[in-house]
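Numbering (the working numbering), first residue to last: 2 to 357.
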């Protein structure tokens, strides 16, 4: 026969069920929030002493030649070309495209300070020996720019350009950078390309990151640019099929860093906080089962010392009928209750208040 719960115990059981549902719901909702959490991006800026010259890939369906020229601060010489930095276009049979490349060597860079005889601007021009229309050809030169400090990524992206494909890998950001830095230069126009530089630190997901520890990040430095038409320089671009001038727009390096907002530790702390609030509410409703002025430390760390104190005091003969011994035994019992069951003094103080 099932034992019928007393009304008080029944109410306690109902409250426990409600509290359990609240804690479980809180745990599920917060865990889903952590799983779906999108990192925020913090921005910072630092000034570069030099802007590394980029790797530039240039493509056209027609055969063409590339000429480049270094423009220096406080110096001008029509014969100061940069042919040693160029790879003239070669034909790729699979893509049907001619692709050439500018590769900076010897740490070529644009200085922030206008130091004489240092690089100010790079001028490129393209000539098409047999300029005929090819069916399916975009009537424009395709250029892609890659940050030269990351040679592995830059070379992989250049291979994608040679094959007339869009670059892609496990990182959507890398694929976006390739597409963002692809420009089309119309025939018989001269352009000015001005560059900025960014560094993005993306979080690599891991258990360490899920629990709020400093995450491991993947750093990617890349170039963005603004392209606009400019006037043709008759002395150098007069016979060009197309071309562009290249220089930095800013020497500020933008730093973008991903930050996690939620993690497993935040879930645990929230559940514990709500659990503490529910426990307090339970104590307000039903009180506590006993008044104990000690906890785990008293029970397990100082337990031996307390027992020794009691043993020292319990030295009287338990068979004695002496009234004085009875009083001592009663005091010892109160002491035992105070340390192990209930603090009698708390009840005595409460009784005094009630009597008053």
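For each residue, glycine too, the CB sits at the ideal point set by N, CA and C.
Inter-residue Cα distance where the pair is residue i and residue j
{"i": "residue 167", "j": "residue 29", "result": "41 Å"}
{"i": "residue 71", "j": "residue 224", "result": "20 Å"}
{"i": "residue 156", "j": "residue 23", "result": "55 Å"}
{"i": "residue 131", "j": "residue 67", "result": "14 Å"}
{"i": "residue 79", "j": "residue 204", "result": "Because the pLDDT of residue 79 is 49, which lies under 50, any placement of that residue in the model is unreliable, and the question is left without a value."}
{"i": "residue 123", "j": "residue 242", "result": "17 Å"}
{"i": "residue 97", "j": "residue 56", "result": "22 Å"}
{"i": "residue 221", "j": "residue 25", "result": "41 Å"}
{"i": "residue 35", "j": "residue 268", "result": "8 Å"}
{"i": "residue 8", "j": "residue 21", "result": "20 Å"}
{"i": "residue 270", "j": "residue 33", "result": "15 Å"}
{"i": "residue 15", "j": "residue 273", "result": "21 Å"}
{"i": "residue 232", "j": "residue 250", "result": "18 Å"}
{"i": "residue 330", "j": "residue 275", "result": "45 Å"}
{"i": "residue 143", "j": "residue 31", "result": "49 Å"}
Residue i burial status per 10 Å Cβ neighbour count (16 or more: buried)
{"i": "residue 62", "result": "buried"}
{"i": "residue 207", "result": "exposed"}
{"i": "residue 53", "result": "buried"}
{"i": "residue 107", "result": "exposed"}
{"i": "residue 194", "result": "buried"}
{"i": "residue 118", "result": "exposed"}
{"i": "residue 18", "result": "exposed"}
{"i": "residue 149", "result": "buried"}
{"i": "residue 201", "result": "buried"}
{"i": "residue 1", "result": "There is no way to answer for residue 1, as the model of the chain reaches only from 2 to 357."}
{"i": "residue 60", "result": "buried"}
{"i": "residue 145", "result": "buried"}
{"i": "residue 140", "result": "exposed"}
{"i": "residue 284", "result": "exposed"}
{"i": "residue 58", "result": "buried"}
{"i": "residue 244", "result": "buried"}
{"i": "residue 286", "result": "exposed"}
The alpha helix (DSSP H) enclosing residue i, as first and last residue numbers
{"i": "residue 283", "result": "265 to 287"}
{"i": "residue 10", "result": "8 to 36"}
{"i": "residue 155", "result": "152 to 163"}
Extent of the continuous beta strand (DSSP E) run through residue i
{"i": "residue 167", "result": "Where residue 167 is concerned, there is no enclosing beta strand (DSSP E), given that its DSSP letter is neither H nor E."}
{"i": "residue 121", "result": "120 to 128"}
{"i": "residue 232", "result": "Here residue 232 belongs to no beta strand (DSSP E), and DSSP marks it neither H nor E."}
{"i": "residue 243", "result": "243 to 260"}
{"i": "residue 90", "result": "87 to 93"}
{"i": "residue 97", "result": "Residue 97 -> no beta strand (DSSP E), and no H or E assigned at all."}
{"i": "residue 116", "result": "Here residue 116 belongs to no beta strand (DSSP E), and DSSP marks it neither H nor E."}
Residue ranges of each beta strand (DSSP E) within the stretch 186 to 226, 3 or longer: 191 to 205
Residue ranges of each alpha helix (DSSP H) within the stretch 40 to 72, 4 or longer: none
At least 3 beta-carbon pairs within less than 8 Å: the stretch 39 to 46 vs the stretch 249 to 264: yes
At least 3 beta-carbon pairs within less than 8 Å: the stretch 208 to 220 vs the stretch 259 to 272: yes
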